[in-house]
Amino acid sequence: MMQQTGTNNIDLSDLADGWTKVVVRVLQTKIARLNIRKTGDLLSSLNFSITGSGVSYNIYFNYNLYGKFVDMGVGKNYYLGNPGNVEAKNKQRNRKEWYSRIFYAQVMTLGELARKQYGQQAANNIISSIRAVNDVKYTEYRSRKI
């Protein structure tokens, strides 16, 4: 469970760390499933780093640049200025979407998780405020009766 730091603040460190580990695991699985591991360089280059604290984080995913080309289905024998014909030396290169769709879906999941956490915190803040107001009114009422 994510920690609360004070009444109105949320510490999203657990969410950021857990989400990032899940994304890396999902991407590694996709690389293996699509057999993008001729040398294993892409798989071994995949890592992440997280900076920040509280509610503000930067999450960096690192991997070999050629991984983007594999994802897009471009690279060797495909030249700049190709008029849209992606054939190269009688060979068709197919996309192996190991990154783009998965990463987009995972970012949307992170947004939903953060929204739930902020919604829960907002509800807790409202409940705390109502209780504080009611405690004051109850105390004032009891002190007048006596």
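FYI, our numbering numbers position 83 of the sequence shown as 120, with every residue one higher than the one before it. The C-beta atom is built at its ideal place from N, Cα and C for all residues, glycine as well.
> With burial defined as no fewer than 16 other Cβ atoms inside 10 Å of the residue's Cβ, what is the status of Q154: buried or exposed?
Replying inline: By the neighbour-count rule (16 or more Cβ atoms within 10 Å), Q154 is buried.
>> Quick check on I29: does DSSP put it in helix, strand or coil?
In response: Residue coverage of the chain in this structure runs from 38 to 183, which leaves residue 29 outside it and unanswerable.
> Taking all protein chains shown into account, do 16 or more other C-beta atoms lie within 10 angstroms of the C-beta of E108, making it buried, or fewer, making it exposed?
Replying inline: According to the sequence displayed, residue 108 carries Asp and not Glu. With 16 or more other Cβ atoms within 10 Å, it is buried.
>> Just to confirm my understanding: we take N127, look at its own chain, exclude 5 residues before and 5 after, and list those with CB closer than 7 Å. What are they?
In response: Summary for N127: the model assigns pLDDT 49, below 50, so the residue's position carries little reliability; its value from the coordinates is reported in the next sentence. Cβ neighbours of N127 beyond the five flanking positions: none.
>> Below 8 Å on the Cβ atoms is my contact criterion, and I expect V60 with Q143 to pass it. Report the Cβ-Cβ distance as a whole number of Å.
In response: 5 Å
> Excluding sequence positions up to five away, which residues of its chain have a Cβ less than 7 Å from the Cβ of D78?
Replying inline: N101
> Any idea which residues DSSP pairs A99 with across the strands?
Replying inline: Just to set this straight, residue 99 is Asn in the shown sequence, not Ala. Answer is N84.
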